[in-house]
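K.L.:
In our numbering, the protein residues as written are 19 to 207.
1) Label residue 191 either buried or exposed according to how many other C-beta atoms from any shown protein chain fall within 10 Å of its C-beta, with 16 as the threshold for buried.
2) Helix, strand or coil, according to DSSP, for residue 19 in the structure here?
3) Compute the beta-carbon to beta-carbon distance between residue 101 and residue 81, rounded to the nearest angstrom, for a pair I have assumed lies under 8 Å.
4) Hey, does residue 46 have any beta-carbon neighbour from chain B nearer than 8 Å?
5) Under the DSSP definition of a beta bridge, which residues are partnered with residue 31?
6) Which residues does DSSP pair with residue 190 in a beta bridge?
7) Report the rounded CA-to-CA distance for residue 97 versus residue 45, giving the unit in angstroms.
8) Do residue 161 and residue 197 come within 8 Å of each other at the CB atom, strictly closer than that value?
9) Where are the alpha helix (DSSP H) runs, 4 residues long or more, that stay fully inside the stretch 124 to 202, in chain order?
10) Considering only their Cβ atoms, is the gap separating residue 32 from residue 70 smaller than 8 Å?
11) Would you call the stretch 153 to 167 and the stretch 118 to 126 touching, i.e. three or more CB-CB distances under 8 Å?
12) Check whether the stretch 35 to 45 and the stretch 137 to 156 touch, using three or more Cβ-Cβ pairs below 8 Å as the test.
13) When the Cα atoms are used, what is the spatial distance from residue 203 to residue 27?
14) If I'm right that residue 201 touches residue 130 with Cβ under 8 Å, what's the distance once you round it to whole angstroms?
15) Along the chain, where does the alpha helix (DSSP H) containing residue 97 start, and where does it finish?
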């Protein structure tokens, strides 16, 4: 069987990460794990720095794994991270342990497709300064409680599991930094 790992020059296309939490998540994974990749930034409201039309609907992030193959595009932050995990299994972008890896994927799936009230009400602006009372509706408060519960559950299971395995705990959601931490960090910013 041929080696499925690609040794290509890749480019991540993202909106400026100060305003795009989905692009920031992928950029964080790439930076933390030191995955070779060029990053090209675009703006949301300047046609001179807009993403190429070939990106369906202009939705970013998009990973171009091979700049020589313009038809090879991976859209969506979770799909990109899964691709990177496949291409770099030695970096352990997901937890090594089967149980913790499954729990981490479950947590990421919940962040990726859930918590809609939080994601739609509180847009990303990592440089914004907020003063005064920020309105918090009951739906958002309920989601925040659920997210904190998810984090607490993750840490409880992780501590127990790492102790069973005799492995160190670096204090991240599932022991060592992983895709799961990248998917939740914008909420903590």
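Every residue gets a Cβ at the ideal spot worked out from N, C-alpha and C, and that includes glycine.
P.N.:
So, from the listed chains and residues:
1) buried
2) Model confidence at residue 19 stands at a pLDDT of 37, short of 50, so the residue's coordinates are unreliable; what they give is reported in the following sentence. Three-state result, residue 19: coil.
3) 7 Å
4) Although the question refers to chain B, the structure presented lacks it and comprises just one protein chain.
5) 58 and 80
6) 193
7) 13 Å
8) no
9) 134 to 139 and 156 to 183
10) no
11) no
12) yes
13) 27 Å
14) 7 Å
15) 95 to 105
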